[in-house]
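Note that the protein sequences, when read in sequence, are chains A and B.
So that you can map any letter, position 163 of the first sequence is 164 in this note's numbering, and since no number is skipped, the others follow by simple counting.
So that you can map any letter, position 50 of the second sequence is 53 in this note's numbering, and since no number is skipped, the others follow by simple counting.
Backbone N, C-alpha and C define an ideal beta-carbon position, used for all residues, glycine too.
Computed from a prediction, not measured in an experiment: that's the story for all the values here.
Worksheet for the structure shown next.
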Amino acid sequence: MLEIKNLHKSYPIGDTKLHVLKGINMSVEDGEMVAIMGSSGSGKSTLLNIIGILDEADQGEYSLDNVKIKNLGEKKAAIYRNKFLGFIFQSFNLIKYKNALDNVSLPLYYQGLKREKRTERAKFYLKKVGLLDWSSHLPKELSGGQQQRVAIARALASEPKLILADEPTGALDSNTSRDIMTFLQKLNDEGKTILIVTHEQEIANMCKRIVRLRDGIILEDNFINQLRIKV
Amino acid sequence: MSSFMKFLFERDTWQEVYDSVTKNKVRTVITMIGVWWGILLLISLLGASRGMENSFNRLFGDFATNSVFIWGQNTSMPFKGFQDGRAVQLKLTHIKEIEDNISGIEILLPRIRNGAQVIRNSLSGNYGVNGDFPLLDKIQKKKMLNGRFINQNDIDLKAKVAVISEDIYKQLFEKNEDPIGGLIQINKINFKVIGVFQNEDLDMGPNSDVHIPFTTFQRIYNTGDRIGWMVLTGKQDFSIKQIESDAKLLLKNLNNIHPNDNMALGSFNLGKEFAKVTGFITGIQFLTWFVGIATLIAGVFAIGNILLITVKERTKEIGVRRAMGATPFEIKGQIVLESVFLTLMSGFFGIITGGWILIAIDRVWGQGDDATLVNASVSIAIVFVSLIILVILGTLIGLIPAFKATSVKPISALREE
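Put into structure tokens, the structure is as follows:
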């Protein structure tokens, strides 16, 4: 599914360069649920951005679903993002003037789907996250947990190979966090590959594998016994 | 190109633009004010100046606007043994001399006038009686209500026929009475009425004129070859001002007037007066275009400026859209379309409100025969041209925020809080 070899990335800071990723090697198979952990500055977000084709590595190889991701150019990157990836963000990043249904439809719009088809599919995924009744509500009329579930529906709508979640529970209280994680586990059970960046151990424990980063290198990479919470 | 056309004509593209524009109402309204105001100014000012032009044209309408009138006055300088204060009498022979010696003249007519009591049955009035040639109709267009103007035959026969004004008809004839063939008495001689003309729009004295053939006038008043004044018009490519001064110089020469005597001959150059007015109107129209276009450009820049600010505000939204798979082209396209949409919408509103203003102007100043602004309006062509200008400016100005929007890497856009 995902293959990373000797990945390097640095950012210019003034005259000097900040070396953020110093040779990352990892691979993720279909159906995995991986937590990428690390303190701030460990390079975990940078790694996620590169995996999400939002940023490009300076050096090293990255392939996604056997497609080499290298020098794509903005247009191709956009198409790949749309086809391969579903994003979930810490602050939900819903478009504030669009209702839940239109937010979920957005990636489908960029996929070029016809309106009826989009609405149909967006409704399907809103139902999946249990928010079909909230279709016509604007983000500000929804609770944080509900917003994140709309965002999850949006990430699912384009039927991506890989779901990337950047601190998906960072803005939620612990109960809601657990709900969201349980829901992601359910998606994983259905076969979705999920990558979660987090700094919370509890969240990481609910995944199947934890990759720990420190100072731009992988410190540990362990499969764990997934913590499941009975609902 | 084809993907561009597809993008442009897709309902969803416009739905996105529409959403973004209508869901941010305050921003939209503020953005639109500048262009709306510019178009409104352009339309209403152009319309008003057109109205002014129309009303001047109506005023001058029946007069050849390149005509000059010359008449004799009293000399103010002694010359060749003549004392000053001598009355200058223009004569038919002068007309002939001018015709032979001065180039560029289109029409040259002698005119002569006398005040006279005109009697019909028991009614009478004091009117101006003019001795005229048929060509007068070319210089001072007579709108005939009945009958005809003097013709060459009348001149040749020294016919006792008269053309009277509408006012005189009303005073001397019964209501609904056919004036043609009716007899009126001028200087105790019977004249047959052959035509009635509409009152002049340009108020050049009372509308109480009787026109009789020049030759008839000569005979009944025994004026010999004396004339009252002359009217001349210039050919297209000749300067009427030059013709005027040439003619006056020649007349001075023929009448032993000092070349520098500016009092001996009176003249009135209608062309000069008309040119002043038309120049004034052209100036106003130029100013209107200048102000209108400048305001428009300022308005469009305001739109660009606000879009630029909102692009900054929407960095995150744009980042999200790009994470969702929007290509830079789609992002740019949407912003340019928003810009064009906003400019066009404000343009439409400006045209509509400008139209209302023109309607109001017409109500207040455009009614009646002596309206100051006649038919204040703008042509459809001007409306189209300004809309096309708006689309072009909107596109150009939209490109700036569009490129700004996609110059931010999606990743930094998403990080922005």
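So, are the CB atoms of residue 159(A) and residue 83(A) less than 7 Å apart? By 1-based counting over the first sequence, the position of residue 159(A) is 158. By 1-based counting over the first sequence, the position of residue 83(A) is 82. It is a contact, given that the beta carbons lie within the stated cut-off.
With a 10 Å radius around its C-beta and 16 neighbouring C-beta atoms as the bar for buried, classify residue 168(A) as buried or exposed. By one-based count along the first sequence, residue 168(A) stands at place 167. Its Cβ being crowded by 16 or more others within 10 Å, residue 168(A) is buried.
Does the distance from the C-beta atom of residue 79(A) to that of residue 10(A) stay below 7 Å? Counting from one through the first sequence, the residue named residue 79(A) turns up at place 78. Counting from one through the first sequence, the residue named residue 10(A) turns up at place 9. No.
For residue 246(B), collect the residues of the same chain with a Cβ closer than 8 Å to its Cβ; drop the 5 residues on either side in sequence, then sort them by chain order. In the second sequence, counting from the first residue as 1, residue 246(B) sits at position 243. Sequence-distant Cβ neighbours of residue 246(B) in its own chain, meaning closer than 8 Å and more than five residues away, are 71, 105, 107, 108, 235, 237.
Only counting runs of 3 or more residues, tell me where the beta strand (DSSP E) segments fall wholly within the region 165 to 229 of chain B, in order along the chain. If we require 3 residues or more, the beta strand (DSSP E) runs fully inside the region 165 to 229 of chain B come out as 186 to 189, 192 to 200, 212 to 216.
Opposing strand residues paired with residue 120(B) [DSSP bridges]: On the second sequence, residue 120(B) is found 117 positions in, with the first residue counted as 1. The partner list for residue 120(B) (beta bridge, DSSP) reads 129(B).
Using only the alpha-carbon positions, how far apart do residue 179(A) and residue 395(B) sit? Sequence index remark: in the first sequence, residue 179(A) carries index 178 (1-based). Sequence index remark: in the second sequence, residue 395(B) carries index 392 (1-based). The straight-line gap from Cα to Cα measures roughly 54 Å.
I'd like to confirm the pairing. Which residues does DSSP put opposite residue 149(B) in its beta bridges? By 1-based counting over the second sequence, the position of residue 149(B) is 146. Answer is 199(B), bridged to residue 149(B).
Neighbourhood of residue 21(A) by C-beta distance below 7 Å, restricted to the same chain and skipping five residues each side: Translated into positions along the first sequence, residue 21(A) becomes position 20. Sequence-distant Cβ neighbours of residue 21(A) in its own chain, meaning closer than 7 Å and more than five residues away, are 10, 11, 12, 44, 47, 217.
Return no unless some Cβ of chain B is closer than 7 Å to the Cβ of residue 88(A). One-based indexing of the first sequence puts residue 88(A) at position 87. Yes, residue 88(A) counts as interfacial toward chain B.
Give, in chain order, every residue of the region 317 to 339 of chain B whose Cβ lies closer than 8 Å to some Cβ of chain A. Per Cβ criterion, the list reads 319, 320, 322, 323, 324, 325, 326, 327, 328, 329, 330, 331, 332, 333.
Go ahead and pull the three-state DSSP assignment for residue 13(A). Locating residue 13(A) in the first sequence gives position 12, counting from the first residue. Of the three classes helix, strand and coil, the one that applies to residue 13(A) here is strand, per DSSP.
Relative to the alpha-carbon of residue 213(B), which residue among 28(B), 403(B), 393(B), 118(B) has its alpha-carbon at the smallest distance? As a first step, residue 213(B) must be located in the second sequence, where it is residue number 210. Out of 28(B), 403(B), 393(B), 118(B), 118(B) has the C-alpha closest to the C-alpha of residue 213(B).
I want to see whether chain A comes within less than 7 Å of residue 9(B), judged by CB atoms only; does it? Counted from its first residue, the second sequence places residue 9(B) at position 6. By this cut-off, residue 9(B) is not an interface position.
Please report whether the beta-carbon of residue 150(A) lies at a distance below 7 Å from any beta-carbon of chain B. Within the first sequence, the letter at position 149 stands for residue 150(A). Output row for residue 150(A): interface = no.
Just to confirm before moving on: does the CB-CB distance between residue 224(A) and residue 210(A) stay below 7 Å? As a first step, residue 224(A) is located in the first sequence; it is residue number 223 there, counting from the start. As a first step, residue 210(A) is located in the first sequence; it is residue number 209 there, counting from the start. Cβ atoms of residue 224(A) and residue 210(A): closer than 7 Å.
Assigned secondary structure, residue 375(B) (DSSP; H/G/I helix, E/B strand, else coil): Start at 1 with the first residue of the second sequence, and residue 375(B) comes out as number 372. Of the three classes helix, strand and coil, the one that applies to residue 375(B) here is coil, per DSSP.
Inspect the beta-carbon positions of residue 150(B) and residue 183(B) and report whether they are closer than 7 Å. The count along the second sequence starts at 1 and reaches residue 150(B) at position 147. The count along the second sequence starts at 1 and reaches residue 183(B) at position 180. Yes. Within cutoff.
Option nearest residue 87(A) by Cα separation, candidates 72(A), 102(A), 77(A), 107(A): Here residue 87(A) corresponds to residue number 86 of the first sequence, with the count starting at 1. Minimum Cα distance to residue 87(A) is reached at 107(A).
Which of helix, strand or coil DSSP assigns to residue 108(A): Numbered from 1 along the first sequence, position 107 holds the residue referred to as residue 108(A). It is helical.
Under a CB-based cut-off of 7 Å, is residue 26(B) close to chain A? As a working note, residue 26(B) is residue 23 in the second sequence. Answer yes: the Cβ-Cβ gap between residue 26(B) and chain A drops below 7 Å somewhere.
Does the distance from the C-beta atom of residue 147(B) to that of residue 198(B) stay below 7 Å? Start at 1 with the first residue of the second sequence, and residue 147(B) comes out as number 144. Start at 1 with the first residue of the second sequence, and residue 198(B) comes out as number 195. For residue 147(B) and residue 198(B), yes; Cβs fall inside 7 Å.
Tell me whether the beta-carbon of residue 85(A) lies closer than 7 Å to the beta-carbon of residue 162(A). Within the first sequence, the letter at position 84 stands for residue 85(A). Within the first sequence, the letter at position 161 stands for residue 162(A). Between residue 85(A) and residue 162(A), the gap from beta carbon to beta carbon is short of 7 Å.
Cutoff 7 Å: residue 404(B) Cβ touching any chain A Cβ: Position 401 of the second sequence holds residue 404(B). No - not a single Cβ of chain A is within 7 Å of the one on residue 404(B).
Which residues does DSSP pair with residue 194(A) in a beta bridge? As a first step, residue 194(A) is located in the first sequence; it is residue number 193 there, counting from the start. According to DSSP, residue 194(A) bridges with 163(A).
Using a 10 Å radius around the Cβ and a threshold of 16 neighbouring Cβ atoms, would you call residue 103(B) buried or exposed? Translated into positions along the second sequence, residue 103(B) becomes position 100. Residue 103(B) counts as exposed, since fewer than 16 other beta carbons sit within 10 angstroms of its beta carbon.
List the residues of chain B whose Cβ lies closer than 7 Å to the Cβ of residue 96(A), in chain order. On the first sequence, position 95 is the one that residue 96(A) refers to. Annotation: Cβ neighbours of residue 96(A) in chain B (cutoff 7 Å, chain order): 320, 323.
Status (buried if at least 16 other CB within 10 Å, exposed otherwise) for residue 359(B): What you label residue 359(B) is simply residue 356 of the second sequence in a count that begins at 1. When all chains shown are included, residue 359(B) counts as exposed.
How big is the Cα-Cα spacing for residue 183(A) and residue 345(B)? Counting from one through the first sequence, the residue named residue 183(A) turns up at place 182. Counting from one through the second sequence, the residue named residue 345(B) turns up at place 342. Roughly 46 Å separates the two Cα atoms.
According to DSSP, is residue 199(A) part of a helix, a strand, or is it coil? Along the first sequence, one-based indexing puts residue 199(A) at 198. In the structure shown, residue 199(A) sits in a strand (DSSP, three-state: E or B).
Residue closest to residue 32(B), alpha-carbon to alpha-carbon, out of 379(B), 391(B), 350(B): Working through the second sequence from its first residue, we reach residue 32(B) at position 29. For residue 32(B), the nearest C-alpha among the options comes from 350(B).
Anything in the region 63 to 88 of chain A with a Cβ closer than 7 Å to a Cβ of chain B? List those residues in chain order, please. Within the region 63 to 88 of chain A, the residues whose Cβ lies closer than 7 Å to some Cβ of chain B are 75, 76, 79, 80, 82, 83, 88, listed in chain order.
Could you tell me whether any Cβ in chain A is nearer than 7 Å to the Cβ of residue 15(B)? Stepping through the second sequence from its first residue, residue 15(B) is reached at position 12. With 7 Å as the cut-off, residue 15(B) counts as an interface residue toward chain A.
In three-state DSSP terms, what is residue 63(A)? As a first step, residue 63(A) is located in the first sequence; it is residue number 62 there, counting from the start. Looking at residue 63(A) - three-state DSSP - the assignment turns out to be strand.
Restricting to Cα atoms, I'd like to know which of 97(A), 220(A), 226(A), 192(A) is closest to residue 204(A). Taking the first residue of the first sequence as 1, we reach residue 204(A) at position 203. Selected option, being the one with the closest Cα: 226(A).
State the start and end residues of the unbroken alpha helix (DSSP H) segment that holds residue 41(A). Position 40 of the first sequence, counting from 1, holds the residue named residue 41(A). Premise fails: residue 41(A) is in no alpha helix (DSSP H) and is neither H nor E.
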